[in-house]
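> Have a look at the structure that comes next, please.
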């Protein structure tokens with residue numbers, strides 16, 4: 002484990018951490034594997050062994066465990082918990098209080114190695130709303146939208162709009178984040194079409 006370095010204002014940063022990574026005076030970043038332009042805010046804690054990409058925003062009270070992976074430009078809002086075995090791709094939004102798990106049979110007296118944890122994958126551009134809970138072992142597809150308070154217990158297709166406990170699909174989401182209408186059109190101007198079990202863009206007007 003790295004010995005933390007306390008700088009002026011009691012900023013706690015791993016030795017070798019790029020100076021272009023901002024760490025709030027009341028934040029802790031034990032990992033040096035953090036990309037340029039990432040910000041770690043007050044009371045957030047990034048453990049040694051975590052990998053965090055460039056341009057991420059790790060907000061107050063968030064926790065990123067060693068063995069967790071965040072891509073580039075990931076938004077990690079307040080009180081998010083990202084544990085070992087979770088991989089989050091680029092441009093993902095994790096709303097306030099999102100919690101991931103990594104053990105299907107947790108017991109306080111049973112210690113699992115990292116290899117025994119159950120992995121979870123969140124694909125690029127996905128949104129997880131406030132207080133979403135993700136039960137480990139699932140894949141959340143690219144640009145999927147998981148509504149606030151949902152409990153994800155199974156895979157979520159790309160572009161799917163899911164809500165509830167357990168989360169169920171009630172529609173589709175545009176790349177801009179808005180829910181598509183029954184004709185698979187978005188108020189942003191994009192049009193979509195079903196292709197097998199998935200969604201493909203059939204009309205390309207830029208979101209505004």
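Numbering (the numbering used here), first residue to last: 2 to 209.
Note that beta-carbon positions come from the ideal geometry of N, C-alpha and C, so glycine has one too.
Going straight from the alpha carbon of residue 51 to that of residue 184, what length do you get?
The residue you call residue 51 lines up with position 50 of the chain shown. The residue you call residue 184 lines up with position 183 of the chain shown. Taking the straight line from one Cα to the other gives about 42 Å.
> Express the C-alpha separation of residue 111 and residue 56 in angstroms, rounding to a whole number.
Position 55 of the chain shown, counted from the start, is the residue given in the question as residue 56. Position 110 of the chain shown, counted from the start, is the residue given in the question as residue 111. The alpha-carbon atoms of residue 56 and residue 111 are separated by roughly 37 Å.
> Just to confirm, are residue 181 and residue 172 a CB contact at a threshold of 8 Å?
Sequence index remark: in the chain shown, residue 181 carries index 180 (1-based). Sequence index remark: in the chain shown, residue 172 carries index 171 (1-based). Going by C-beta atoms, residue 181 is nearer than 8 Å to residue 172.
> Apart from the five residues on each side of it in sequence, which residues of its chain come closer than 6 Å, Cβ to Cβ, to residue 140?
Here residue 140 refers to the residue found at position 139 when the chain shown is read from its first residue. Here the set comprises 122, 156.
> Using only the alpha-carbon positions, how far apart do residue 151 and residue 163 sit?
Residue mapping note: residue 151 aligns to position 150 of the chain shown, counting from 1. Residue mapping note: residue 163 aligns to position 162 of the chain shown, counting from 1. Looking at the two C-alpha atoms, the distance is approximately 8 Å.
> Residues in the same chain with beta-carbon distance under 6 Å from residue 133, minus the five sequence neighbours each way, listed in chain order, please.
Mapped onto the chain shown, residue 133 falls at position 132. Excluding sequence neighbours, residue 133 sits near 99, 147, 151.
> Please state whether DSSP places residue 104 in a helix, a strand or coil.
For this step, residue 104 is matched to residue 103 along the chain shown. Correct three-state label for residue 104: coil.
> In this structure, how does DSSP classify residue 115 when only helix, strand and coil are distinguished?
Within the chain shown, residue 115 is the residue found at index 114, counting from 1. Reduced to three states, the DSSP call for residue 115 is helix.
> Whole angstroms are fine: how far does the CA of residue 102 sit from the CA of residue 40?
Within the chain shown, numbered from 1, the residue matching residue 40 stands at position 39. Within the chain shown, numbered from 1, the residue matching residue 102 stands at position 101. Taking the straight line from one Cα to the other gives about 24 Å.
> State the DSSP-derived secondary structure class of residue 170, mapped to helix, strand or coil.
For the purposes of this step, residue 170 is identified with residue 169 of the chain shown, where counting begins at 1. Residue 170: strand per DSSP, three-state reduction.
> Does the separation of the CB atoms of residue 1 and residue 97 fall below 8 Å?
Residue 1 cannot be examined here, being either before or after the span of the chain that is shown, 2 to 209.
> Run through DSSP, which three-state label would residue 32 get?
Reading the chain shown from its first residue, position 31 is the one you call residue 32. Here residue 32 sits in coil by DSSP.
> Using C-beta distances below 8 Å, list every residue in its chain close to residue 18, excluding the 5 sequence neighbours before and after it, in chain order.
Residue 18 sits at position 17 when you count from the first residue of the chain shown. Taken in chain order, the residues that qualify are 24, 30, 32, 33, 35.
> Name, in chain order, the residues that DSSP records as bridge partners for residue 196.
If you number the chain shown from 1, residue 196 lands on position 195. BP columns for residue 196 point to 199.
> So the beta strand (DSSP E) residue 162 belongs to, where does it begin and stop?
Your numbering for residue 162 matches position 161 in the chain shown. Where residue 162 is concerned, the enclosing beta strand (DSSP E) stretches over 161-164.
> Between residue 127 and residue 143, what straight-line distance do the alpha-carbon atoms span, to the nearest angstrom?
Here residue 127 corresponds to residue number 126 of the chain shown, with the count starting at 1. Here residue 143 corresponds to residue number 142 of the chain shown, with the count starting at 1. Looking at the two C-alpha atoms, the distance is approximately 5 Å.
> Would you kindly work out how many angstroms separate the C-alpha atoms of residue 9 and residue 93, rounded to a whole number?
On the chain shown, residue 9 is found 8 positions in, with the first residue counted as 1. On the chain shown, residue 93 is found 92 positions in, with the first residue counted as 1. Unreliable positioning characterises residue 9 in this predicted model, as indicated by a pLDDT of 47, which lies under 50. A coordinate reading is not provided.
> Going by DSSP in three states, residue 74 sits in which element: helix, strand or coil?
Sequence index remark: in the chain shown, residue 74 carries index 73 (1-based). DSSP places residue 74 in coil when its eight states are reduced to three.
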